[in-house]
Amino acid sequence: MKYTSQRGTRDILPDEAGIWQSIEKTVRRTFELFNYKEIRTPIFESTELFARSIGSSTDIVSKEMYTFPDRKGRSLTLRPEETAPVVRAAIEHNLILKDNILKLFYLGPMFRYERPQAGRQRQFHQAGVEAFGSVDPLLDVEVILLAEQLFDRLGLKGLEIDVNSVGCQKCRPEFTTKLKEYFKSNIGKMCEDCKQRLETNPLRILDCKEAVCQKYIEKAPSTRESLCPECRIHFEKVEEGLKQAGIKYRVNNRLVRGLDYYTRTTFEVVSRQLGAQNAVCGGGRYDTLVEALGGSSTPAIGFAIGLERLMEIIRSENRYPISEKGITLYIATLGDEARKISFDLLTKVRKAGVAADMDYAGRSLKAQMKAADRARARHTLIIGENEIKNGLYVLKDMKTASQIEISPEELINKLPAL
RNA sequence: GCGGCCUUGGUGUAGAGGCAACACAGCAGAUUGUGGUUCUGCUAUCAGGGGUUCGAUUCCCCUAGGCCGCCCCA
Numbered sequence: 115m116k117y118t119s120q121r122g123t124r125d126i127l128p129d130e131a132g133i134w135q136s137i138e139k140t141v142r143r144t145f146e147l148f149n150y151k152e153i154r155t156p157i158f159e160s161t162e163l164f165a166r167s168i169g170s171s172t173d174i175v176s177k178e179m180y181t182f183p184d185r186k187g188r189s190l191t192l193r194p195e196e197t198a199p200v201v202r203a204a205i206e207h208n209l210i211l212k213d214n215i216l217k218l219f220y221l222g223p224m225f226r227y228e229r230p231q232a233g234r235q236r237q238f239h240q241a242g243v244e245a246f247g248s249v250d251p252l253l254d255v256e257v258i259l260l261a262e263q264l265f266d267r268l269g270l271k272g273l274e275i276d277v278n279s280v281g282c283q284k285c286r287p288e289f290t291t292k293l294k295e296y297f298k299s300n301i302g303k304m305c306e307d308c309k310q311r312l313e314t315n316p317l318r319i320l321d322c323k324e325a326v327c328q329k330y331i332e333k334a335p336s337t338r339e340s341l342c343p344e345c346r347i348h349f350e351k352v353e354e355g356l357k358q359a360g361i362k363y364r365v366n367n368r369l370v371r372g373l374d375y376y377t378r379t380t381f382e383v384v385s386r387q388l389g390a391q392n393a394v395c396g397g398g399r400y401d402t403l404v405e406a407l408g409g410s411s412t413p414a415i416g417f418a419i420g421l422e423r424l425m426e427i428i429r430s431e432n433r434y435p436i437s438e439k440g441i442t443l444y445i446a447t448l449g450d451e452a453r454k455i456s457f458d459l460l461t462k463v464r465k466a467g468v469a470a471d472m473d474y475a476g477r478s479l480k481a482q483m484k485a486a487d488r489a490r491a492r493h494t495l496i497i498g499e500n501e502i503k504n505g506l507y508v509l510k511d512m513k514t515a516s517q518i519e520i521s522p523e524e525l526i527n528k529l530p531a532l
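In our numbering, the protein residues as written are 115 to 532.
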């Protein structure tokens, strides 16, 4: 085949599109239930926006972005995530008002240049929320609760929620220094990745799965003990709120997210049904990002859900809702005269808001009946020479196979009842 | 960026160094104008390129793609 979809991208075919629509509907409805409003931003932004917000040493920015110069030589990037564009838009259009809470949600494709594998594509879809303007721990709880409820509404069971705090601008640098000092003496014996991480992102060492590194990680200072009083209190209140809301969660001190902008609360929803890429949802607080991107100092929190991964869980649970949308009327014709009449009638039927179709291939009646069946038509109208002569067409109920004679006027009148 | 496995009609598979088989789907037909059952027929340069060989779809190499893992993330 000469032309195929590009590596890591896939077509959503008609059979699957219905499932996407129904999931998108549930996602929108749930977000709106929590008073979040939709925002749609362009699919590409200036490269700098992502480099500044996500962090230039992160994997996303250093090796996974679809970056290209446009015809005027500007460096553009296909969005690898949506928090930065939403923040940019909120600042640009003055959506963030003093002493006001702004709640936004989005849904759409994201792009990362990675090697495809289970649960990972180069173009994938995310749905997420961003809430601006409050440091209230209860808002952290709401956001986590929103994610939990969404999964619940989608009927997903057995998901696990991991929560952690990565501290703030005050305590995180201290913690990082502490970590660096702790690992310094043993780093020679640890894995190559960790040697790198010691310089670029020491926090990530805590997340390493290498056995050689594990024994050193175990005794490493934990994020929790290193939080400043404000961050510790914030985290305690988040936990309190989660318990009160009846959310089952797990404190995971090794949960360190790969984007630089996170502060304090971070969380992840993981599924055992997925392969190595088991996070369906990831998010956290980012109290310094708005200011860093040129807005007034505004705290914020959000999350993103991977829709393909979500779909994968639904598939693994065999809960794929099969949409069986059929049409109401199929018109089968015999002869040119009948085809002309049929086309006019078809137009009238559709104008009346009834889904209908006819044959355009000049096929036999038998073949047309087959087509009607495949289109899951509830009724088939047969127009042939006899019918034209009598002015009465044959209307067949495809389920009961019973037929009646009907005039075109009667048919139009009866349409709503079909 | 690194590693492993894989790549046969529209789909799912079988096959073997020398006529590519089966199922399903699709289309056409089984005496006059009726679908979902049955029967018959039709539909593949075996991912692309190169090599070994009298001969390769089958063996070897390269490329591309898929799947899975590492890294990382949704």
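Don't be surprised by glycine CBs; every beta carbon is placed ideally from N, CA and C. For clarity, every value in this text was computed on a predicted model and none was experimentally measured.
- With respect to the C-alpha of P230, the residue from L211, G372, S170 and R121 having the closest C-alpha is R121.
- When DSSP states are grouped into helix, strand and coil, A489 belongs to the coil group.
- Collapsing the DSSP output to three states places Q387 in coil.
- With fewer than 16 other Cβ atoms inside 10 Å of its own Cβ, P530 counts as exposed.
- One alpha carbon belongs to P522, the other to L506, and they sit about 7 Å apart.
- Distance between D254 and I415, taken at the CA atoms: about 7 Å.
- Per the Cβ contact rule, the stretch 249 to 268 is not in contact with the stretch 288 to 306 (fewer than 3 Cβ pairs under 8 Å).
- When rounded, the separation of the alpha-carbon atoms in G187 and R399 is 35 Å.
- The residues I137, T140, L424 and I428, in chain order, have a CB closer than 8 Å to that of L268 in the same chain once the five nearest residues on each side in sequence are set aside.
- According to the DSSP secondary-structure assignment, C395 is paired through a beta bridge with V383 and I419.
- Taken atom to atom, the span from the alpha-carbon of T337 to that of T314 is near 18 Å.
- Annotation for L270: no beta strand (DSSP E) segment contains it, and DSSP assigns it neither H nor E.
- Contact annotation: R368 and V280 have beta-carbon atoms that are not nearer than 8 Å.
- I445 is positioned such that its CB atom lies closer than 8 Å to that of L459.
- When C-alpha distances from E501 are compared across A452, V365 and R286, the shortest belongs to A452.
- CA-to-CA, the gap between E228 and F238 works out to about 11 Å.
- At the C-beta level, T191 and F145 stay beyond 8 Å of one another.
- In the displayed model, I496 falls within a strand according to three-state DSSP.
- In this structure, A418 lies away from G449, with their beta-carbon atoms at least 8 Å apart.
- Under the three-state reduction of DSSP output, Y330 falls in the helix class.
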